[in-house]
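Worksheet: one structure, shown below.
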Amino acid sequence: MGVKALVLLAAILLVAAPPVIAQRRFRGEAAVTPNNTRYDGRFTFLRLRYAPLERGWGRFGGGQEGWAHDYPRAERNLMRLVSELTMIRPYMDGGNIFPMDDKEIFKYPIAYLSEPGFWSLSEAEAAGLRTYLEKGGFLIVDDFDGYDWVNFEEKMHAVLPDGVLMPLDVSHPVFHSFFEIESLETLAFGNYRSVSQGAEYHGIFENNDPRSRLMVVVNYNNDIGDYWEWSDQGFFPIELSNEAYKLGINYIVYAMTH
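This is how it looks when you write it as structure tokens:
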């Protein structure tokens, strides 16, 4: 195990959340009301908000909408490790939430989209996210599996009509931008849910050229946000939380340097 991995493991053990937040129930929480902070130049985690499809508010139905799953503990825990392990100076108390057609999103280099299987999209939102990506923004798509892909692919095509989703393997630079990730087979929904499916990673590149900038990274059959959220609660083995944090930090460092 390398020095960075050892430091990451130690940092995960130190991640702690306020007691009130730590007592949240697993899923089924009340709807989230954004509590945005004014942008002050620090790296701030941006979560994209969308209206849920009529088929429900997320994988478990009711309660917290799909876009808000794992909020705010996931980003708080991730930003804690970003602060401790990198030279990036992040906003530490969660992150900001905006819809895709809000011009505020252009202040943030990286955006996170959760549960795209329940993603609804207006023309204005599609245009906003398209412009964001074309102007240099980076999108992380997370927390979906199975037939969720159908809705995700449809909405992504509306955002980038000419964009091609391409499979990513471990040789891509995004998996080596900070940590040296040796395998992409560690994490999957099957690690803690009834389904047993291997995680897949896909990307959309600028001009559909794999040698160009990666604009969108897709964690399919995976949910790294869950590992971030519950890393201090003992729900998952530390080794799996470790891998999820490596991916998150690598995505951020890659996006900030490309």
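Each residue of the sequence shown is one higher than the one before, starting from 92 at the first, in the working numbering. Glycine included, C-beta positions come from ideal geometry on N, C-alpha and C.
Range covered by the alpha helix (DSSP H) that runs through residue i
i, result
"residue 362", "The question about residue 362 has no answer here: the residues shown for the chain are numbered 92 through 349."
"residue 162", "That residue, residue 162, is in no alpha helix (DSSP H); it is neither H nor E in DSSP."
Own chain, CB closer than 6 Å to residue i, minus 5 neighbours either side, in chain order
i, result
"residue 215", "192"
"residue 139", "191, 202 and 204"
"residue 290", "278, 279, 312 and 313"
"residue 169", "319 and 339"
"residue 110", "Interpretation of residue 110 is limited by its pLDDT of 37, a score under 50 that renders its predicted location unreliable; no figure is taken from the coordinates."
"residue 254", "295"
"residue 196", "189 and 223"
"residue 299", "255"
"residue 345", "265 and 268"
Spatial neighbours of residue i in its chain, beta-carbon cut-off 7 Å, leaving aside the 5 residues before and after
i, result
"residue 207", "232, 235, 239, 242, 243 and 246"
"residue 220", "191 and 250"
Under 8 Å between C-beta atoms of residue i and residue j
i, j, result
"residue 137", "residue 218", "no"
"residue 230", "residue 256", "no"
"residue 210", "residue 141", "yes"
Chain-order list of residues whose beta-carbon lies under 8 Å from that of residue i (same chain, five-residue window excluded)
i, result
"residue 261", "272, 273, 274 and 275"
"residue 331", "277, 278, 282 and 318"
Rounded straight-line distance, which links the Cα of residue j to that of residue i
i, j, result
"residue 124", "residue 164", "15 Å"
"residue 333", "residue 294", "22 Å"
"residue 173", "residue 134", "10 Å"
"residue 339", "residue 303", "21 Å"
"residue 320", "residue 187", "16 Å"
"residue 129", "residue 200", "15 Å"
"residue 305", "residue 122", "32 Å"
"residue 336", "residue 307", "18 Å"
"residue 180", "residue 268", "17 Å"
"residue 144", "residue 183", "31 Å"
"residue 317", "residue 301", "29 Å"
"residue 249", "residue 264", "27 Å"
"residue 227", "residue 349", "8 Å"
"residue 198", "residue 322", "29 Å"
"residue 309", "residue 343", "14 Å"
"residue 162", "residue 185", "8 Å"
"residue 166", "residue 315", "11 Å"
"residue 270", "residue 171", "17 Å"
"residue 251", "residue 126", "30 Å"
"residue 159", "residue 212", "16 Å"
"residue 131", "residue 259", "34 Å"
"residue 329", "residue 156", "27 Å"
"residue 175", "residue 347", "17 Å"
"residue 225", "residue 194", "14 Å"
"residue 341", "residue 177", "10 Å"
"residue 326", "residue 288", "19 Å"
Span of the beta strand (DSSP E), counted from its first residue to its last, around residue i
i, result
"residue 291", "291 to 296"
"residue 318", "It is not in any beta strand (DSSP E) - residue 318 instead sits in the alpha helix (DSSP H) that spans 315 to 320."
"residue 310", "305 to 311"
"residue 278", "Premise fails: residue 278 is in no beta strand (DSSP E) and is neither H nor E."
"residue 139", "134 to 140"
- prompt: Where in the region 164 to 246 do unbroken runs of the beta strand (DSSP E), each at least 3 residues long, occur, reported from the N-terminal end onward?
  reply: Fully enclosed beta strand (DSSP E) runs of 3 or longer: 181 to 190, 201 to 205 and 229 to 233.
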